[in-house]
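Everything on this sheet refers to the single structure shown next.
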Amino acid sequence: MDNIANSYFLLAAILFCVGLYGALSKRNAVIVLLSVELMLNAVNLNLIAFAKYGPVPSITGQIFSLFTITVAAAEAAIGIAILIALYRNKGTTDVLEMNAMKK
Amino acid sequence: MLDNIPILTLLTFSPLLGIIAVLLIPKEMGHWLKTAAIVSTLVSLVLAGWMFIGLDHDLEGMQYEEKATWIEIALNQEAPNLNAAEKLIYQFNYSLGADGLSGALAFLTALISSMAAFASVHIKKRWKTFYLWFLILQIGMFGVFLSRDLFLFFLFFEATLIPMFFLIGIWGFSDREKAANKFLIYNGIGSAIMLIAFLMLINTAGFSTPQEDPTQPLQLIYSGDVGTIYQNLQDPGSYANVHHDRVGTANPFYMGLAMKEWIFLMLLIAFGIKLPIFPFHTWMLKVHIEAPPSVVMIHSGILLKMGAYGLLRFGVELLPEQAQTFALLIGIVGVVNILYGAVLALVQKEFRLILAYSSISHMGIVLLGIAALNVTGLQGAAFQLVSHGLISALLFLIVGSIIERTNTTELNRLGGLAKAMPFMSGMLLVGGLASLGLPGMSGFVSEFLAFLGLFETMPVLAIVGALGIIITAVYVLRGVLAITYGQLPEKFQEDGTVLRDARLTEAIPMIVLTAFIVLLGIYPSVLSEPLHHALSSMLARIGG
Amino acid sequence: MEFTHYAWLIPVFPLLAFLVLTALGRQMKGIATGFSILAAAAAFIMAVLVFTERLGENVVDYTWDGFKWIGIGDFAIQMGYEVNNLNTLMLVIVTLVSLLVNVYSLGYMKDDERINTFFAYVSLFTFSMLGLVLSINLVQFFIFWELVGVCSFLLVGFWYTKPAARAAAKKAFIVTRIGDVGLFIGMLLLFWNMPGNSLEFSAIHNAAHTGALSANVITAAAILVFIGAVGKSGQFPLHTWLPDAMEGPTPISALIHAATMVAAGVYLVARTFPLFEESQAALTTVAIVGGFTAIFAATIALAQNDIKRILAYSTVSQLGYMMLAMGIGTMSSYTAGMFHLYTHAFFKALLFLGAGSVIHAVNEQDIRKMGGLGSKMKITMITFAIGTLALSGIVPFAGFWSKDAILTEAYHNVPVLFWVALVAAFFTALYMARLFFLVFTGKPRSDMHPHESPAVMTLPLLVLAVLAIIAGFVYFPGNAWFGEWLLGESPGEHADMTVMILSTVAGVGGLLIGWLLYGRRTFTEDWVEARALPAYQLLNRKYYIDELYDNGVVKPLRGIGYLLDWFDRYIVDGAVKVLSGVMTGTGRIGLRMQNGQLQAYGLIGVVGLLILIVAVVGRRYFHVG
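First to last, the sequence lines map onto chains A, B and C. Start counting the first sequence at 131; every next residue gets the next number (our numbering). Start counting the second sequence at 397; every next residue gets the next number (our numbering). Start counting the third sequence at 23; every next residue gets the next number (our numbering).
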């Protein structure tokens with residue numbers, strides 16, 4: 131694999147880490163959701179990079195990234211819907227308040 | 397006469413009769429429930445007596461054997477030496493058998509259970525559930541003493557834990573839940589250790605190739621059959637090379653010395669918790685105080701004996717050489733038990749605690765008898781099992797009646813009961829005297845035999861242990877006299893009606909138990925004759 | 023008819039009485055006591071029949087051992103009975119005293135509501151004692167030995183509502199049990215060393231003489247057996263229970279704690295005498311313990327004020343005499359010991375029953391509060407006087423001959439012990455004089471209305487008084503019949519004029535001084551108490567032995583008990599609690615991680631993933647495993 135692929139991977143890794151950091155540390159649920167999107171996109175980047183420059187280049191990776199994008203869209207929609215429902219209930223988007231799983 | 401009917405199965409599952417009856421009777425009809433349970437235990441008692449009397453005293457080995465294959469689990473045939481075999485399986489059998497030792501203990505179980513059923517008249521709530529658990533417990537106890545398969549033994553052993561847990565936890569005194577928990581946890585740990593030891597035994601010494609006919613496909617079996625394991629341990633080559641033209645000369649059964657020692661130690665701890673040996677004894681103190689007296693009768697009278705029985709049956713009988721290795725340890729633990737229990741009993745202020753510590757002390761005598769590793773000592777141990785079972789049942793029977801009347805067994809709140817309840821006080825005194833080993837009663841015979849046996853092999857330990865006899869006298873008399881002698885407390889002097897002497901349903905079991913205690917003391921041959929072969933075969937391998 | 027072969031009937035009679043009384047006692051109010059007396063009488067008649075049969079020429083010992091008690095491995099312990107001259111003598115003594123005490127109790131216990139229980143216990147005791155006497159081996163002996171102990175316990179604590187009775191009963195049982203453990207261990211020792219694991223007395227005799235037992239075993243066994251005897255016979259240092267046992271009804275003191283059970287220790291030594299004969303160390307121990315107890319208890323008796331306690335210490339002292347005789351170790355001293363046992367049974371029972379008669383009359387046991395009872399209680403006084411003379415060793419009463427026989431043996435064999443015994447004899451006479459004069463002469467020192475006891479009580483007194491006079495004539499200088507009969511051979515010369523004179527001087531001197539101190543003048547204060555206060559205190563408090571045991575043994579043991587109780591509660595159970603605490607603690611930490619925050623879960627997941635990666639990658643680079 132050459133340098134071009136490496137820079138794709140580096141970008142994806144940075145993107146993923148930024149997303150992970152955001153998902154784990156931000157208190158606003160909207161930002162958390164956005165961060166999750168960032169991570170998903172990092173994955174997409176990886177998929178496409180491997181599809182092009184991987185040891186066995188094929189179309190599968192690109193198809194898969196399309197899948198991911200649609201699933202991510204659906205997921206974002208559901209996530210925001212839950213968030214709105216929660217906001218209506220609790221009046222906040224602070225994730226620290228959302229510990230219903232403990233109960 | 398008894399050859400044609402499966403007497404042991406009938407005996408073991410005879411409480412089912414009572415269970416069905418109790419299930420059919422509506423729960424409000426307490427009187428009928430009691431009657432049904434008592435009748436059921438009496439049926440068991442008759443069967444057990446029949447079985448015990450029918451034992452042939454001149455026969456070695458098990459009698460009335462019953463065997464049926466129960467569970468078979470196929471195994472991978474990966475062992476390179478064994479690929480000639482058609483079948484490689486785990487086999488667990490339903491197999492029962494009785495010799496003098498287990499027969500005697502099964503009879504003791506039946507006897508004490510029915511006496512405890514009489515004593516359960518003091519139970520005040522939820523009779524139906526109580527008797528259901530009670531009878532299930534009885535099945536478990538019979539099974540423990542009669543099963544001849546490690547797996548089956550383990551099942552029955554566990555089957556006693558659950559009913560006991562509920563019997564303590566529901567019908568006990570104020571701190572009953574805690575007591576039940578403690579009971580379950582300790583015994584659970586003991587069972588876990590026992591299970592590991594059993595699995596090791598099954599997977600090594602449980603190996604056999606049963607078919608002798610060379611034209612048939614070869615079967616290789618691992619089973620928990622005690623007879624197989626005994627034979628394998630006695631002569632490691634006995635099964636392995638029956639078919640050596642097909643199996644080769646490889647011996648799939650091998651057990652190193654260290655492994656045998658570990659197994660023995662594990663069994664010692666597992667059954668030691670039940671026995672109980674110091675320092676695993678604290679759970680049974682709690683049970684003695686918190687459980688209802690009729691349950692303690694069973695607990696102290698039989699359940700503790702299961703520990704000693706297991707130690708004898710699986711520890712000493714299967715691994716006598718290792719028993720010899722650890723004899724000194726067992727002896728020391730025994731002496732510690734005797735003295736520790738006795739000294740602690742000396743300072744207790746609650747009569748039930750005195751009895752609890754006295755149980756520890758008396759179980760020490762069992763250990764001494766086992767440590768002696770001669771027929772005399774083992775007889776002492778076996779006698780002590782039966783004798784202590786009877787005596788502690790008697791004492792707790794009386795304790796139950798006293799609690800019902802006075803609501804307490806604390807020594808400084810009682811006194812002078814001999815005045816108000818002469819019969820019961822007399823019985824308490826008889827029980828106490830039996831407990832301290834008065835000749836003419838069963839306790840003396842066991843003490844005498846155990847110490848006699850131990851004196852041959854470890855005289856110093858025997859002498860130190862014998863000092864416990866003195867302390868026993870001190871604490872028994874202290875407890876019994878504080879309750880029966882002296883003046884009645886003022887509380888009872890004003891209202892004498894509370895203290896009525898024993899009712900007929902209380903008096904009958906007291907008299908029956910006393911009669912057995914005295915019978916064993918005056919004519920111990922009734923027990924020593926059946927025991928003779930059972931015990932001497934245990935020691936055959938070490939020439940004891 | 024061979025009565026000897028039916029000797030087993032003798033204990034069976036009282037056993038039957040006991041069973042009947044226990045089972046039906048409450049239903050048969052009036053006749054229950056009669057049942058017990060009848061049984062005792064039947065036993066006595068049977069014993070006399072056996073005895074007369076054994077007086078004949080060429081009688082052989084008879085043994086029956088057909089009852090297989092228990093089989094142990096390849097051998098068995100048999101039970102049965104044995105009749106020889108030694109235990110025939112005991113049979114007669116026991117049944118006779120038992121019969122008399124039975125009759126006496128009819129009067130003494132008349133008003134007690136538990137009189138049936140009392141008679142049941144007495145019957146049980148008589149049975150056990152007779153069983154003990156007839157035993158053929160040590161195990162059987164030990165069984166009955168313990169049974170008499172428990173009867174003693176029951177009867178001492180008969181008035182169970184009294185705290186003192188409860189304490190005394192407990193003490194009686196426990197202190198004798200200490201001795202019993204010695205006997206128990208001795209039994210174990212003998213069992214494994216005897217040829218054929220036989221514990222029969224006859225086998226022990228043979229083994230001791232034929233050298234089948236090593237010298238060390240013999241010494242150890244003899245001393246262990248003797249420890250048992252020390253406990254039962256109230257020898258120093260296990261004597262403390264016997265005076266306390268006086269809390270029991272007085273007839274019991276006469277039967278158990280004077281005539282029969284306490285003598286069982288001496289009988290045990292006599293029964294296993296061959297062991298002692300073969301071991302000089304054991305003999306010396308016996309002799310020293312006996313001699314010391316004799317003088318030790320006699321001095322204590324000087325300063326006691328309870329009429330029964332004085333007699334109790336006197337019993338201890340006299341038992342010491344018997345042990346002393348046994349310890350000298352010759353056949354003639356053995357005879358002397360048994361002879362003293364036999365005479366002592368009568369006159370001591372007499373004294374106790376007399377004391378009982380006094381207590382019955384005045385309801386008081388403190389001799390300082392009595393006085394002048396003689397005028398109201400003629401029969402009691404006269405019979406008591408006879409008992410006193412016999413105990414003091416005055417010619418020609420029974421005690422003189424037996425004590426003289428012991429003194430003679432001591433004089434010839436162990437002169438030191440002779441002087442000890444002689445001084446003890448002097449003290450004996452002195453305290454008996456004090457007792458007699460304080461109770462029966464002078465003026466009453468408190469308000470009391472004595473009356474003579476009924477005939478059922480005085481009759482036994484008279485019988486015993488006669489025996490106290492004549493019982494000694496079977497064995498005195500020039501007449502060795504008793505010794506020959508007992509041993510089957512001549513015991514040798516047993517008379518010495520010097521000893522007779524000295525012992526008479528001691529006896530008469532003691533009585534005389536006692537009369538001077540307590541009889542001649544009107545008693546106002548104890549002369550000894552007033553003039554030798556520290557010594558008096560020491561004696562009155564029994565050399566502080568009880569306090570010593572209490573502080574030296576009982577309290578430390580209880581202390582250990584409390585210590586172990588603490589240990590059990592906080593260390594043993596505590597260890598378990600710590601273990602379960604660790605478990606719940608771990609669980610709590612795990613619980614805290616589950617705080618419901620998704621982000622926390624995510625973080626933990628990431629950290630875990632990182633650890634995994636580091637582990638996998640690290641393994642590749644560092645070649646671990």
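Note that beta-carbon positions come from the ideal geometry of N, C-alpha and C, so glycine has one too.
- For the alpha helix (DSSP H) that glutamate 468(B) lies in, which residues bound it at each end? Here glutamate 468(B) belongs to no alpha helix (DSSP H); instead the beta strand (DSSP E) covers 459-470.
- Ignore the nearest five residues each way along the sequence and tell me which others in isoleucine 523(B)'s own chain have a CB closer than 6 Å to its CB. A small correction: the amino acid at residue 523(B) is tryptophan; isoleucine does not occupy that position in the sequence shown. Once the five neighbours on either side are set aside, the close Cβ partners of tryptophan 523(B) are Gly426, Leu429.
- Query: Does the beta-carbon of isoleucine 633(C) have 16 or more other beta-carbons within 10 angstroms, so that it is buried, or is it exposed?
  - Reply: exposed
- Task: Closer than 8 Å by C-beta to tryptophan 441(C): which residues in its own chain qualify, once you throw out the five before and the five after it? Chain order, please.
- Result: The beta carbon of tryptophan 441(C) sits closer than 8 Å to no other beta carbon from its chain once the five residues preceding and following it are set aside.
- CA nearest to the CA of valine 225(A), picked from Val629(C), Gln621(C), Val639(C): Gln621(C)
- Message: So, with DSSP's three-state summary, where would you put tyrosine 919(B)?
- Response: coil
- Task: Would you identify the three-state DSSP class for asparagine 174(A), choosing helix, strand or coil?
- Result: helix
- Message: If you reduce the DSSP assignment to three classes, tell me which class threonine 85(C) lands in.
- Response: Threonine 85(C) sits in a strand when the DSSP states are folded into three classes.
- Task: State the Cα-Cα distance for the pair methionine 397(B) and tyrosine 460(B), rounded to the nearest angstrom.
- Result: With a pLDDT of only 47 at methionine 397(B), under the threshold of 50, the placement of this residue in the model should not be trusted; the figure read from the coordinates follows. One C-alpha to the other measures close to 11 Å.
- Query: DSSP state of methionine 216(C), grouped into three classes?
  - Reply: coil
- Nearest CA to the CA of threonine 405(B): which residue from Ser436(B), Ile434(B), Ser440(B), Gly414(B)? Ser440(B)
- Query: So serine 838(B) and isoleucine 913(B) are in contact, right, with Cβ under 8 Å, and what is the actual spacing, rounded?
  - Reply: Indeed they touch by this definition, with Cβ atoms about 5 Å apart.
- Counting Cβ pairs, one atom from each stretch, are 3 or more of them under 8 Å apart for the stretch 394-404 of chain C and the stretch 472-487 of chain C? In short, these stretches touch, since the Cβ pair count reaches three.
- Query: Would isoleucine 403(B) pass as a contact of leucine 451(B) if the rule is Cβ separation under 8 Å?
  - Reply: no
- Beta-carbon neighbours of glycine 218(C), restricted to chain B and to distances below 8 Å: Within chain B, no residue comes near glycine 218(C); the closest Cβ sits about 15 Å away, beyond 8 Å.
- Rounded to whole angstroms, how far is the Cβ of leucine 121(C) from the Cβ of alanine 62(C), which I believe are closer than 8 Å? 4 Å
- When the Cα atoms are used, what is the spatial distance from serine 788(B) to aspartate 587(C)? 22 Å
- Under 9 Å (Cβ pairs) to chain A, residues found in the stretch 616-636 of chain C: Gln616, Asn617, Gly618, Gln619, Leu620, Gln621, Ala622, Tyr623, Gly624, Leu625, Val628
- Task: Please check if any C-beta of chain C sits within less than 8 Å of the C-beta of valine 225(A).
- Result: yes
- Task: Could you check the C-alpha separation between valine 481(C) and methionine 345(C) for me, to the nearest Å?
- Result: For the record, residue 481(C) in the displayed sequence is leucine; it is not valine. Cα to Cα, the separation comes out at about 32 Å.
- Quick one: is lysine 192(C) near chain B, going by C-beta distance under 8 Å? yes
- Task: Note down, one range per segment and in chain order, each beta strand (DSSP E) of at least 3 residues found wholly within the stretch 219-255 of chain C.
- Result: none
- Say whether chain C places a C-beta atom closer than 8 Å to the C-beta of proline 675(B). yes
- Quick one: what's got a C-beta closer than 6 Å to arginine 390(C)'s C-beta in the same chain, skipping five residues either side? Asn327
- Query: In the DSSP assignment, what residue or residues form a beta bridge with asparagine 501(C)?
  - Reply: Phe498(C)
- Query: Ordered along the chain, which non-local residues of its own chain (more than five positions away) have a Cβ less than 8 Å from that of alanine 98(C)?
  - Reply: Cβ within range, chain order: Lys90, Trp91, Ile92.
- Query: Are the beta-carbon atoms belonging to valine 876(B) and leucine 824(B) less than 8 Å from one another?
  - Reply: yes
- isoleucine 115(C) (DSSP reduced to helix, strand or coil): helix
- Message: Would threonine 44(C) and alanine 187(C) qualify as a contact pair, given that the criterion is a beta-carbon distance under 8 Å?
- Response: no
- Over what stretch of residues does the beta strand (DSSP E) that includes isoleucine 99(C) continue unbroken? 97-105
- Message: Using a 10 Å radius around the Cβ and a threshold of 16 neighbouring Cβ atoms, would you call lysine 599(C) buried or exposed?
- Response: exposed
- Query: Roughly how many angstroms separate the alpha carbons of aspartate 518(C) and tyrosine 433(C), rounded to a whole number?
  - Reply: 9 Å
- Message: Counting only C-beta atoms, is methionine 397(B) closer than 8 Å to chain C at any point?
- Response: Low confidence applies to methionine 397(B): its pLDDT is 47, below 50, so where it sits in the model is not reliable enough to give any reading.
- Residue ranges of each alpha helix (DSSP H) within the stretch 861-906 of chain B, 4 or longer: 886-890
- What do you get for arginine 563(C), buried or exposed, if any count of 16 or more other CB atoms within 10 angstroms of its CB means buried? exposed
- Message: I want to see whether chain B comes within less than 8 Å of valine 478(C), judged by CB atoms only; does it?
- Response: At least 8 Å separates the CB of valine 478(C) from every CB of chain B.
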